[in-house]
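Below: the structure, in structure tokens.
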Amino acid sequence: MIYLEYLLLLFLIIAAVMAVYFEDEVISIIFLSVVSVILTTLYLLYQAADVALAEAVIGAGLNTAIYMSAISQIREKSK
Amino acid sequence: MLHHLVFTVLFLLGLYTVIYKNNLIKMVIGLNIMEIAVFFWVIAVSDTGKSVPIYHLNKFAASFNDPVPQALTLTGIIIGASTTALLLTFIIELNKFADTIDSNKLEGLNE
Amino acid sequence: MKKFLVGLLFIGLAFLLLINFAELPEEKLITFSLSDYYIGFGLEQTGALNLVTAILYDYRGFDSLGESTVIFAAVSGIVLILSRKMLPVSSHGLSFIVKRTLGILTPFIALFSLYVITHGHLTPGGGFQGGVILAAISIIFSIVYGSAFDYKRYSPELKTTFETGGALVFIIIGGLGILFDGFFLDNLDFLTHSPGTLISAGSIPLINIGIGFKVGAGLAIVFYSMIQKTFGEEF
Amino acid sequence: MISISILLLIIIPLVVAFLIPLLDLYNKLLRRYLVIIGGVIEISISIYIIISYFSDLKAGKFFLTYYLGGWGPPFGINLVMDSVSLIFSSLISFALFFIIIYSIGFIGHHEGKYYVLFFLILGAMQGAILTGDMFNLYVFIELLTVTSAPLVAFKRNKHATEAAIKYMFYGVIGGLFFFVGVILLYFNIGSLNMAQLAQHFAEIENNMQLTIISIFLIGLLIKIGIFPFHFWLPKAHSACPSSLSALLSGVLLKVYLYIFIRLFWIVIGFEFLLEFNIASFLVYLALVSSLFGHVFALQASDIKRMLAFSSIGHIGMILAVFLLNTETGFYGGLLHIISHLLMKTGLFLSTGYLLQYTKSNHIDDFAGVGHQNKGIFVGFILLTLSMIGMPPFIGFFSKWYIIMAFLKIQHHFGAIVVVLGSLSAVFYYLRFIAKGYEKIKLSASDLKNEIYNRPILSVFYREKLVTTVIYIFVGMIILTGFSFRLFELPLQEGIKELINPQNYINLILGG
Amino acid sequence: MLPAVTDNNLVQIMIITGILVTLLTIIYAWKKLKKNKIYFVMLTIIYLVSFIIVIGTDKWIVFLGGWEFVTLTTSLMFAWDDWKLVKQYFLIQFAGSSILLYAVLVIINNGYAEVGIINSTFLQNILIVGLATKSALFGFHFWLPAIYANSSGLVNAISSGWVVKLGYIILLKVIIPEQGNALLFYAGILMLIYGGVKALLEVKLKVLMAYSTLSQLGLIAIGIGSGTVYGYYGAVLHIIIHALTKTGFFINLDDIINKSGTQNIYELAARFNYSLFKIITIFGFSFSLSGVVFLAGFNSKYLIKNSLPGPLLLIIFYLGGLLTFLYTLRLLYWLFIFQGKQKAFLLRLNNYKINFSIDLFINIPILLIILLLGNYPDLLNYWLPALDSFSFPLGSGIGETILYLLVAYLILEKLNWVRTKEKEYLEIDVLFNKIEVLLNKIGKASLKFDTEKIVEHYFLRGIYKLSGKTHDFIYRSFSDQLSWIPLFLALLLAWRYLV
């Protein structure tokens, strides 16, 4: 059970590095939402239910939606 | 000790992206990663292995995790979300005038 | 050369951060600290099972007021920046299958978000998280059915009323606190029945509902003005 | 002594801000009256506080507090007003009242949203000054950043949006550091109430104290705009509409300064800064920042950018004087905060109106402005004279006490920086004044038709309004110039509090 | 020993002289200025009140406030000539008052809360440096000729008549008569010699008068710095006399220059037919300044001469006196005696009428005072108690004056009355040229003599270029600016190791 936390921490760092590494914004945003999903599970592990729910809803849901709409506006303009 | 390590890695990763990446959206993502790092660190440190600070109907256990940092992080996450949304609107607006989001090409930012 | 210097700086910084932050003491200096008080007296003073919500909406209610004003400010800032007088062109929706399935799903999402808002004091969740889920519905409308659909169903005027209404509900409940118990944002305990039931934690559920609608409507406006594809000419 | 009036100072602007969108839905004209009523209520509350508690102030026992949610001090959030915050909060409500009046005809598009954000800033400033709780302070700081950023981008052109982006990046990073600081304080001490934190800060282990101080330092230095982090300030203050840049550089910087003072003198206690001798390093940092502020102001070709740089110069000077931790230092610093607030707000308001007669903010287009509108330009000159430190105005006395504070502890570098600062101020202000009086006939056609600058009300009516506002500021600096003893009472009380923070703790926890 | 002048006596006599001098200028201004005379008079009255405050007060904060007011009002007076002059004069004077502010605050912090005797010479020297720009002491005198060249005689009269002397009056209050101050003493001697030589070679009338003011101020500085009561009395007396004569001199010269339209002393003689009374006044003023017997100048110079300690300094003093006679005689020669192609000046003496306003109200009172003080110096006994105890050797004075006049006449005759070419630049332009050429090695534009050029071209533009370079150096790019944050974070987090 304890290894789950280390595994998740490892994935967390990998996903964050991926989010920063890729040039294309869409990929990095997807990795960002992956990071926030991993974080939600981590928060559950750390017995912080409220924060997990908030992180899930805002990190995975809202942030991704807003980033995607920003990128679509920018891509729309440059087309 | 592990949590501090993860916090430092994520925080500096975010700081590096904000400073040295020249794509504005990447900088906002970097900012987001910095915030995520801080909130993760707060919760990780405040977790003392006790149960979630909610009274389950069946048991009135007395040993709870510390609810205060959780409340603070919750507020922090929401503030982080609204600042990211605001920053992204400025980038959209800037894109209407400068049609590039590369911070090197935008001379105005250096001024 | 510059890359090497930057790398050196960041490694040094990592090392320093580790040293400085690793010295966090295990237990806090004050024996009877804030959290012990909240854990000890939280239930009987506020009647809320979920201590985090108790802190957020009763002990430190003023924080949440500041918090919801941050969202209110962000929303009006975004509308200020992105609003254009031009009639918005509706963004094209997704395929039929997605529209149909979401047609079924949306009421359940709405139900879930109302649950999260109203049961804030009993189960994890609360005004903010529920409100964001509520906003998800409007986001679904704009993405899946196109922003014109969202415009018709959930017009910006309605959103503004909900948003300001939610904020004013929060302040009115705070004001009631003055009337009944002498201090702003005081918990109206006379509403509480035995803890665990729906209407149990005094003014906390009312505040939750106010904030829920406020955040829901606010973020809906944010997303609606961001998704608009308008011609970029000056206002 | 518990009094509701402190709470009203914060709640009234918030209520007005929430009401404006509702009112907008029904009819737009009511909004202007609501705005004025809001301003009038705000200033009348602070006058009420001053008058009704004046006897306490005289007796030196001025202390108002309010327990939010009915919880006692250490457990809930409580608002605290002692004489230092009395000075600041009444200054804020005074200056912002006139900025509101000034910006009535000034804002072209989106006036509703402008006033919503404006009143939120007013509420957040009062909140940041009055709150007695660290996390609440963080929330208000974030609120200040989030509300002022869209207003910086109000003109919606390339320059303004870039300024807003830069402002947001620095603001969010600063806020994040402040958040980490608050969390560190909580993890070490276990409470969020400033009085309890102050009581137990000494018991924290040495290295941890140093970490907390350095994290808070970075957060606040970014916000105050000291040299290595001042890059956002000139662009933000020159890109936004003048009524807002008056608010930002005149009033907002002082709020962050106040937070710096309250944090490092009352919560953390200044002896720790001395113990790690960060204080002397900070004094030199602030002086270098003041020097750079004035040097950059010399070369600024855009008048609002020049005024922004000159605020960096003055704020650096004030911070340095405070960090000397001497009685005259506090007196000079507080007096200069009051005088700089009055002068800078007046300067920005008059520049805003004068820029209507020019094509752009650049200095070459500023030519001939003096002839266009003599009344306001003379007001502008009087304000600059006071900025330099000419006698009849308060600028002279505050500069006098600051240099006196520096020389009292033989800190000659500081005194020289202050003197050089006011000397360079002469150069760059005189440069614009001389340019203003150049004989260039500006034809009506090439007057700037920038949207936000087309006054709604008839030019005649609004010009009289603006001249009265500016000459109220000029009158204030002359009035306070002659009788700066007027501020003697709150200043002395404030200095007593800064010197021994113990009575702040006893008043809150003891009481 | 002679009783020292008590402070309030000194203040009274100085205020009376100041009021007298200012009244004279107001009369002349009322006659000369055409538009908005009332503003000028109001300005002068504010200036009058503020310099009374400066002289009278004993609190440093009021002293400095009053002085800044004097600076403000005098620089505004230049507005009647040219707004550019206002800017330059205000810049220079503000720089001076910033140094003065610094000096005063250093003094206050060393325990002298009141404006009074300061014992430590180090603090006295600091105050002298502080007052240097204001009172055109040797190192800081460059602005005097530069500003006077362009401004009208009226404002020059006010400035050189009284504003410049405020510094010395304060030094009188501050320096102990018995000890004096070496710095001031030697600066005075330098100014005496330098002013004399420069005045001798000068062509422009107002610049010549500026240098003569410089040398007379040198005399006052010697008197104060010498450290004997004679010197002290001599300085007080000389301040009074020089204020009156110099104001009258400038007013008459301004009248002449306005009528003749040129400042070049070689052309003045041809253009202006002087009324007899005008000649008498100018002769009277210049002789009193150079110290001819029976005129006030002689007594004060005699007192200052007695205060000199060693024989060597006496020789220097005589050299200074000779220089004064040289340039006064040269001025008088070119103004009146040189006839070249024109008829001898005596033949041109046709109009005897007295120019009503100037001669009657300004020249006659000054001449009267000079004569009275010359013969009966103990008139001022009420304020300067020891005056009657001095025995002014008027008899031997006559021989001395004749000797001076003869020697000066012979020297000038040999030098063919020093007909120098009109110089294009003031000497400070030459200095700035060198710096300019040194600094950016570009082709030097030929510099026409103009204060605008001096202040604007070198001083201001140099500063803007320098600050522009620092700004660009600091503001490289957005990421560089942001990279300060990790740098500063590392510095602060590593603070416990660094310190």
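Protein chains in written order, with the working numbering: chain A, 70 to 148; chain C, 2 to 112; chain R, 76 to 310; chain P, 2 to 512; chain V, 2 to 500. The C-beta atom is built at its ideal place from N, Cα and C for all residues, glycine as well. This structure is a prediction, so every number in the text was calculated from the model and none was measured.
Can you check the stretch 253-306 of chain R for any alpha helix (DSSP H) of at least 4 residues that lies completely inside it and give the ranges in chain order? If only complete runs of 4 or more residues are kept, the stretch 253-306 of chain R shows the alpha helix (DSSP H) at 279-302, in order along the chain.
Taking just the CA atoms, how far does P:N208 sit from P:T469? As a position in the fourth sequence, residue 469 of chain P is number 468, starting the count at 1. As a position in the fourth sequence, residue 208 of chain P is number 207, starting the count at 1. Inter-residue distance for P:T469 and P:N208 is about 55 Å (C-alpha atoms, whole angstroms).
Look at V:R331 and V:L245 and say whether their C-beta atoms are less than 8 Å apart. Position 330 of the fifth sequence, counted from the first residue, corresponds to residue 331 of chain V. Position 244 of the fifth sequence, counted from the first residue, corresponds to residue 245 of chain V. Taking 8 Å as the Cβ cut-off, V:R331 and V:L245 do not qualify as a contacting pair.
Beta carbon of A:I143, beta carbon of C:N96: below 8 Å? Here residue 143 of chain A corresponds to residue number 74 of the first sequence, with the count starting at 1. Here residue 96 of chain C corresponds to residue number 95 of the second sequence, with the count starting at 1. Closer than 8 Å, so yes.
Does the CB of A:D119 have a neighbour CB from chain R at under 8 Å? Taking the first residue of the first sequence as position 1, residue 119 of chain A is located at position 50. Yes, because at least one Cβ of chain R sits closer than 8 Å to the Cβ of A:D119.
Beta carbon of P:G390 nearer than 8 Å to that of P:K400: Residue 390 of chain P sits at position 389 when you count from the first residue of the fourth sequence. Residue 400 of chain P sits at position 399 when you count from the first residue of the fourth sequence. Their beta carbons are under 8 Å apart, which means P:G390 touches P:K400 by this criterion.
Where V:T58 sits in the DSSP three-state scheme: As a first step, residue 58 of chain V must be located in the fifth sequence, where it is residue number 57. Three-state DSSP puts V:T58 in coil, outside helix and strand.
Since P:M82 is in the alpha helix (DSSP H), which residue starts that stretch and which ends it? On the fourth sequence, residue 82 of chain P is found 81 positions in, with the first residue counted as 1. P:M82 -> not in any alpha helix (DSSP H); beta strand (DSSP E) instead, spanning 79-82.
Using the Cβ count rule (16 or more neighbours within 10 Å means buried), how would you classify P:I219? The count along the fourth sequence starts at 1 and reaches residue 219 of chain P at position 218. The residue in question, P:I219, is buried, as its Cβ has 16 or more Cβ neighbours within 10 Å.
For V:E115, which of helix, strand or coil comes out of DSSP? To locate residue 115 of chain V, count along the fifth sequence from 1; it is residue 114. Looking at V:E115 - three-state DSSP - the assignment turns out to be strand.
Through-space distance from P:L177 to C:W42, alpha-carbon basis: In the second sequence, counting from the first residue as 1, residue 42 of chain C sits at position 41. In the fourth sequence, counting from the first residue as 1, residue 177 of chain P sits at position 176. So the alpha carbons of these two residues sit roughly 13 Å apart.
Using CA coordinates, which residue listed in A:K146, A:L131, A:V103 is at the minimum distance from A:L170? Limits of chain A in this structure are 70 at one end and 148 at the other, which puts residue 170 of chain A out of reach.
Quick one: is V:N441 near chain P, going by C-beta distance under 8 Å? The residue labelled residue 441 of chain V in the question sits at position 440 within the fifth sequence. Because the pLDDT at V:N441 is just 49, under 50, the model does not fix this residue reliably, and the point stays unresolved.
Could you say which of P:F474, P:F19, P:T346 lies nearest to P:Y115 if we only look at CA atoms? Counting from one through the fourth sequence, the residue named residue 115 of chain P turns up at place 114. It is P:F19.
Work out the CA separation of P:V252 and P:S340 for me, nearest whole Å. Working through the fourth sequence from its first residue, we reach residue 340 of chain P at position 339. Working through the fourth sequence from its first residue, we reach residue 252 of chain P at position 251. Those two C-alpha atoms are separated by around 11 Å.
Where does the unbroken alpha helix (DSSP H) through P:L343 begin, and where does it stop? Here residue 343 of chain P refers to the residue found at position 342 of the fourth sequence. That run of the alpha helix (DSSP H) goes 328-355.
Establish whether the CB of A:A134 and some CB of chain R are separated by less than 8 Å. On the first sequence, residue 134 of chain A is found 65 positions in, with the first residue counted as 1. Judged by the 8 Å Cβ criterion, A:A134 is in contact with chain R.
Since P:G226 contacts P:I316 with CB under 8 Å, what's their CB separation in whole angstroms? For this step, residue 226 of chain P is matched to residue 225 along the fourth sequence. For this step, residue 316 of chain P is matched to residue 315 along the fourth sequence. Yes, they are in contact, since the Cβ atoms of P:G226 and P:I316 sit about 7 Å apart, within 8 Å.
Can you give me the Cβ contacts of P:F180 inside the same chain, cut-off strictly under 6 Å, excluding the 5 residues immediately before and after it? The residue you call residue 180 of chain P lines up with position 179 of the fourth sequence. Answer for P:F180: Y139, listed in chain order.
At a cut of 8 Å, does the stretch 123-134 of chain R reach the stretch 68-85 of chain C through at least three beta carbon pairs? At 8 Å Cβ cutoff, the stretches touch.
Once the 5 residues before and after V:N126 are set aside, which same chain residues still bring their CB inside 8 Å of it? By one-based count along the fifth sequence, residue 126 of chain V stands at place 125. So the list reads N182, L184, once near-sequence residues are dropped.
Going by beta carbon distance, what residues of the same chain come within less than 7 Å of C:H4, once the five residues before and after it are set aside? In the second sequence, counting from the first residue as 1, residue 4 of chain C sits at position 3. Apart from sequence neighbours up to five positions away, the residues of its chain that approach C:H4 with a beta-carbon distance below 7 Å are W42, A45, V46, ordered along the chain.
Identify every residue that forms a DSSP beta bridge with P:H363. On the fourth sequence, residue 363 of chain P is found 362 positions in, with the first residue counted as 1. DSSP lists P:D303 as the bridge partner or partners of P:H363.
Can you tell me the Cα-Cα spacing of A:S97 and A:M137, whole angstroms? Position 28 of the first sequence, counting from 1, holds the residue named residue 97 of chain A. Position 68 of the first sequence, counting from 1, holds the residue named residue 137 of chain A. Cα to Cα, A:S97 sits roughly 11 Å from A:M137.
Between V:S1 and V:I240, what straight-line distance do the alpha-carbon atoms span, to the nearest angstrom? Outside the displayed span of chain V (2 to 500) sits residue 1 of chain V, for which this structure offers no information.
Only counting the same chain, and skipping five residues up and downstream in sequence, which positions put a Cβ closer than 8 Å to that of R:G252? Within the third sequence, residue 252 of chain R is the residue found at index 177, counting from 1. If we look at R:G252 and ignore the five residues flanking it on each side, its Cβ neighbours are F258, F259, L260, D261, N262, L263, S278.
Report the rounded CA-to-CA distance for V:S397 versus V:F295, giving the unit in angstroms. As a position in the fifth sequence, residue 397 of chain V is number 396, starting the count at 1. As a position in the fifth sequence, residue 295 of chain V is number 294, starting the count at 1. Straight-line Cα distance between these residues: approximately 11 Å.
Closest to P:V427 by CA distance: which of P:L145, P:K224, P:L383 is it? To locate residue 427 of chain P, count along the fourth sequence from 1; it is residue 426. Ranking P:L145, P:K224, P:L383 by Cα distance to P:V427 puts P:L383 first.
Tell me the DSSP bridge mates of C:I55? Reading the second sequence from its first residue, position 54 is the one you call residue 55 of chain C. C:I55 pairs with R:N125.
For P:N278, list the residues DSSP reports as bridge partners. As a position in the fourth sequence, residue 278 of chain P is number 277, starting the count at 1. Looking at the DSSP assignment, P:N278 forms no beta bridge with any residue, so it has no partner.
Please classify V:W84 as buried or exposed, where buried requires at least 16 neighbouring CB atoms within 10 angstroms. For the purposes of this step, residue 84 of chain V is taken as the residue at position 83 of the fifth sequence. In the assembly as shown, V:W84 is an exposed residue. Its beta-carbon has fewer than 16 other beta-carbons within 10 Å.
Could you give the uninterrupted runs of the alpha helix (DSSP H) lying entirely in the stretch 83-137 of chain A, keeping only those of 4 residues or more? Within the stretch 83-137 of chain A, the runs of alpha helix (DSSP H) at least 4 residues long that lie entirely inside it are, in chain order, 94-114, 118-123.
May I ask you to report which of helix, strand or coil DSSP gives V:F391? By one-based count along the fifth sequence, residue 391 of chain V stands at place 390. Three-state result, V:F391: coil.
Identity of the residue in V:G66, V:L49, V:K33, V:V12 nearest V:G57 by Cα: For the purposes of this step, residue 57 of chain V is taken as residue 56 along the fifth sequence, with counting starting at 1. Out of V:G66, V:L49, V:K33, V:V12, the CA that lies nearest to the CA of V:G57 is found in V:V12.
Taking the alpha-carbon positions, what's the V:S480 to V:I486 distance? Locating residue 480 of chain V in the fifth sequence gives position 479, counting from the first residue. Locating residue 486 of chain V in the fifth sequence gives position 485, counting from the first residue. Annotation: V:S480 to V:I486 spans about 10 Å, alpha carbon to alpha carbon.
Please list, in chain order, the residues of the stretch 68-85 of chain P that have any C-beta partner in chain R closer than 8 Å. If the cut-off is 8 Å between Cβ atoms, the stretch 68-85 of chain P has Y68, L69, G70, G71, W72, P75, F76, G77, I78 near chain R.
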